[in-house]
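If you read the sequences in order, they're chains S and P.
Going by UniProt numbering, the letters in the first sequence line up with residues 1 to 468, in that order.
Going by UniProt numbering, the letters in the second sequence line up with residues 1 to 201, in that order.
A quick write-up on the structure given underneath.
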Amino acid sequence: MAPRSSPDGYGPKTLFEKIWETHRIDTGTSGAGLVAIDRVFLHERTGAAALKSMAAAGRPVRDPARVFAVMDHIVDTRIGRGDGTLMEGGSAFITETRAAAKAAGITLFDVNDPDQGITHVISPELGIVLPGVTLVAPDSHTCTQGALGALAWGIGSSEAEHAMATGTLRIEKPRTMRVTFTGQLAPGVTAKDMALALIAAHGAGGGAGHAVEFAGEAVEALDIEARMTLCNMATEFSAMAGFIAPDAKTFEYLAGRRYAPANFDDPYWQTLSTDEGATFDTEIEIDAASLAPMVSWGTSPQHSMPIDGAVPQGPERAHQYIDLAPGTAMLGTPIDVAFVGSCTNARLSDLRRAAALVKGRKVAASIKKAMVVPGSSAVKRAAEAEGLDTIFTEAGFEWRASGCSLCFFAGGERFPEGSRTISSTNRNFEGRQGPGIRTHIASPETVIASAVAGVIADPRELAKESAQ
Amino acid sequence: MTPFTTLTSVAVPILRDNVDTDAIIPSREMKSTGRTGLAEGLFAPWRYSDVAARTPDPTFELNMPEARGGQVILGGANFGCGSSREHAVWALVEYGIRCVIAESFAPIFRANCIRNGVLPITLPRTDVDALAWQEITVDLPAQTVTAGATTHSFTIEDEPRTMLLEGLDVIDLTLKALPAIEAWTDADRTARPWVYLEKTA
C-alpha cells in the first residue's frame, strides 16, 4: 500500500502543516477549511448533551466505529462504585450517556469496564490515538494526546455533533509555534514543571491562535507518559493543540495496542516530523537545565513560580483569594489537603515516582485529606500489582477507583471549605476544586513532599533523604 | 440559531484577565444533561455572596442596577479560558448575553460563541476599557462598535461572520459538501487504512 505522498506544495513543512494538509478537504468553495476528523471521544459530562441533540435533529453518527465514549468526569471514584454519585443529579449524566451511546452505536467504556479511565489516559493506552491523526473531544485537555504525534484538540458540544455527523470540522487554520526546550532537566524536575515554567514565562494566553509543537533535547528525553503531561497543559497556554513529533519511543509504545496497527513499519510513519528548515510563525526557546520544581501561587496557571522562590506581585484579586501576599516564601506554606490524580499526572509512571518518594513515610498529621486517584482502571490494576496502593494507604493516602475525581468540584464529594490544596492537577482557578478551595498545582513529587511535610516542600530535598 | 445583525445595549464590564469557564458556570451548576437551566448558575461564584442561598452580591457588575437588560459584557485578556464546556455559552445566552467584547479569547470558548449566536469581538484593551458602562451599538455587517461619537472597527473571519449573520445551521451547511467528504474518505481509506476501524463492541 502506497503511503500518502508528501503534502501539497514544495519546500520544508512543519509537522502541523503535514497533518493539516493530509486532512484538508477541498470543497471547491471559499471559507474556513473543512478538516477531516479521524477520531471523536466523548465523556459523560458533555457526551449525553451532544448525542441527544444529534438524535433529536435526526442525524446519525457518520462512522460509529471511530467514536468512543467513557465515564470519567462524574463517575464516583469510591471503591465499589456504581451509577450513583454524590453529585446531585449526577447519575443522570451516566445513565443518559450510556443510553445515547448505545443508541448511536459508538464504543462505550462503561463505569466498571476494565478499560474505563480518564479519556486522555485510556485513548493512548488502547491505541485509539495514533501519530498523524486528528482527534477531537469536548474536553479541553484533549491536547494531552498530541504527545503521541496526533493533532488532538478540545472542542465544544456543538462542534462534537458536527464532527460526529459529518466526519469533519470547519476551522480556521491556526498559526504554528515551536517551543524548544534545550538541555536536560535537573533531577527532581519534571514535565509538569516544564509546562508551568512555559506558562509562567509567556502567560496563560501565550499560545493563543497557535498549534504548538514541543521540541528539543529535553522533550525528546521525556518518556511517552511525561510527554502527555507536557502536552496536557497546552490548553492552559491557550494553544489550540500541543504535540510532539513521533519517534521510536512513540511507535514502540503504541504498536499492537488494541486499536493501533500491529507495527509501524510502513514508511508513512517516518514522514511525521517537521522538516529541517521549516519555519514557524512563533518560536520560543527555554533552557530546561535552568528549571526548578514549579508550584502555582495564584488563580491562573500563569501564576506559577519556582518552589524555592518568593510569591511575585500579581493581580490583587489573586493574592486575596489565595491568601498569600507578594514576597511570601512558598516553601513552608501550610497545606490542608493533598491530591494526586487527573489527566495531567495520574499515569503509572506518575504513581511510581510518587510511591517511591512516600514509601516508608507518613502524611503529616495536620493533613485533613490525602488522595490518590489512578488515571485509568488499567493504571489501577498495574499499580496494585506492584503494591503501590499499599505504599500509599500505609502512608495515609486514600486509594481510589479511576476517574477525574476532585480535579474539579462537581457538587458532591468535597474537600473541607477553604482548604489549601497541593494538587497534581492542571487548574488552580477560584473554586476549581470546591468553594473557597485554594489550589496549588505542582508535580506529583511536590504533592508527596508537601503531604509528608504538611507544608509546601521541595521534592528534591525529600529525594535526597531517600537516597541517604 | 438566532441571527445576529445589530445590537444596542449597555456594555457591562467584567474586566478581569483569564476569566475561566469555571467562573462563568461552575461544574456543580451544570445540573442538567441538556443545554438549558443554566442561567441561574451563570457567574455563580461571583454573582452570589451565598451561592446556596442565591444571595446576590451587589458588588458584582452584572448585579448592578445599570447592568439591567445588558446584552454585552466586556472582558480582559484570554476570556473564556479553561474547560471546553459549552454550558458557559449556553448560560450566557439563556441569561440574555449576545456579545462579548474582550482583549482576547480562549479558542474553544470563542468557537462555542460562534456556534450559539454570540458575537465575540476582539478590541485593544484601552478600547475595551473605554466602553465600560457605555450604551453601545454593535453592527456586525459594518463590523463596528459605536459608543457616542466614537466608533471602533473590529474584524471577524468571513465564515463565522456569515454564520452569525444568517443564523446558519453549520452541520446542514457541511452536509451539502458530502460528495467532497465521501470522495476524500474513499481516497484516504487507501492511503491510511489504519484510521478506519471495524466495530468491535
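Ideal Cβ placement from N, Cα and C applies to all residues, glycine included.
Please read these numbers as outputs of a predicted model, since none were measured by experiment.
Query	Result
Could you check what DSSP says for Thr95 (chain S) in three-state terms: helix, strand or coil?	helix
Just list the alpha helix (DSSP H) runs in the stretch 348 to 416 of chain S, keeping only unbroken ones of 4 residues or longer that don't cross its boundaries, in chain order.	348 to 358, 377 to 385, 388 to 395
Whole beta strand (DSSP E) runs in the stretch 192 to 273 of chain S with 3 or more residues, listed along the chain?	210 to 215, 241 to 243
Does the Cβ-Cβ distance between Ala218 (chain S) and Met194 (chain S) come in under 8 Å?	yes
Unbroken beta strand (DSSP E) runs of length 3 or more, entirely within the stretch 72 to 160 of chain P: which are they?	72 to 75, 99 to 102, 119 to 122, 135 to 139, 144 to 147, 150 to 153
Closest to Pro315 (chain S) by CA distance: which of S:Asp308, S:His303, S:Gly309, S:Ile307 is it?	S:His303
Does chain S have any CB closer than 8 Å to the CB of Thr185 (chain P)?	yes
Taking only three categories from DSSP, how would you classify Tyr10 (chain S)?	coil
Taking only beta-carbon atoms, is Val379 (chain S) less than 8 Å away from chain P?	no
Between the alpha carbons of Pro160 (chain P) and Glu398 (chain S), how many angstroms are there, rounded?	48 Å
Does the Cβ of Gln145 (chain S) have 16 or more other Cβ atoms within 10 Å, making it buried, or fewer, making it exposed?	buried
With a threshold of 16 other CB atoms inside 10 Å of the CB of Ser466 (chain S), please say whether the residue is buried or exposed.	exposed
When DSSP builds the beta bridges, which residues end up paired with Pro13 (chain P)?	P:Leu74
Between the Cα of Asp37 (chain S) and the Cα atoms of S:Leu130, S:Ala48, S:Val111, S:Thr107, which residue gives the shortest distance?	Per the sequence shown, the amino acid found at residue 37 (chain S) is Ile instead of Asp. The candidate whose alpha carbon is nearest that of Ile37 (chain S) is S:Leu130.
In three-state terms, what does DSSP make of Ile155 (chain S)?	coil
Cβ closer than 9 Å: which chain P residues qualify as neighbours of Gly149 (chain S)?	Neighbours of Gly149 (chain S) on chain P: none; closest Cβ ~13 Å, over 9 Å.
For chain S, check one thing: does any of its Cβ atoms lie closer than 8 Å to the Cβ of Asp22 (chain P)?	yes
So what does Tyr48 (chain P) bridge to, in DSSP terms?	P:Pro56
Span of the beta strand (DSSP E) holding Thr182 (chain S)?	175 to 182
Please name the residue or residues paired with Thr27 (chain S) in a DSSP beta bridge.	Answer is none; Thr27 (chain S) lacks a bridge partner.
Among S:Ile122, S:Ala245, S:Gly387, whose alpha-carbon lies nearest the alpha-carbon of Ser402 (chain S)?	S:Ile122
Is Pro26 (chain P) close to chain S? Criterion is C-beta to C-beta, closer than 8 Å.	yes
Can you give me the Cβ contacts of Thr8 (chain P) inside the same chain, cut-off strictly under 6 Å, excluding the 5 residues immediately before and after it?	Thr137
When DSSP labels each residue in this structure, what does Leu7 (chain P) get in the three-state scheme?	strand
Spatial neighbours of Ala180 (chain P) within its chain, please: CB distance less than 8 Å, with the 5 preceding and 5 following residues excluded, ordered by chain position.	none
Quick one: what's Leu42 (chain S) bridged to in DSSP?	S:Ala69
Return helix, strand or coil for Ser304 (chain S), following the three-state DSSP convention.	strand
Would you report the Cα separation of Ser6 (chain S) and Thr155 (chain P), rounded to the nearest angstrom?	Note that Ser6 (chain S) scores 46 on pLDDT, short of 50, meaning its location in the model is unreliable; the coordinates nonetheless yield the value given after this. If you take the alpha carbons of Ser6 (chain S) and Thr155 (chain P), they lie about 34 Å apart.
Have a look at Lys102 (chain S) and Lys176 (chain P) and give me their C-alpha separation to the nearest angstrom.	28 Å
In the DSSP assignment, the beta strand (DSSP E) including Ala137 (chain S) goes from what residue to what residue?	134 to 137
In this structure, does DSSP put Val22 (chain P) in helix, strand or coil?	The sequence given here places Asp at residue 22 (chain P); Val does not occur at that position. Of the three classes helix, strand and coil, the one that applies to Asp22 (chain P) here is helix, per DSSP.
So with CB distances below 9 Å, who are the chain S contacts of Ala106 (chain P)?	Ser140, Ala204, Gly205, Ala208, Thr235, Ser238
Output the distance between the C-alpha atoms of Glu172 (chain S) and Gly33 (chain S), rounded to the nearest integer angstrom.	6 Å
Using a Cβ cut-off of 7 Å, pull out every chain S residue sitting near Ile181 (chain P), in sequence order please.	Ile25, Thr166, Gly167, Thr168
With a threshold of 8 Å, are at least 3 pairs of Cβ atoms found where one atom belongs to the stretch 39 to 47 of chain S and the other to the stretch 123 to 143 of chain S?	yes
Assign Glu283 (chain S) to one of two classes, buried (16 or more other C-beta atoms within 10 Å of its C-beta) or exposed (fewer than that).	exposed
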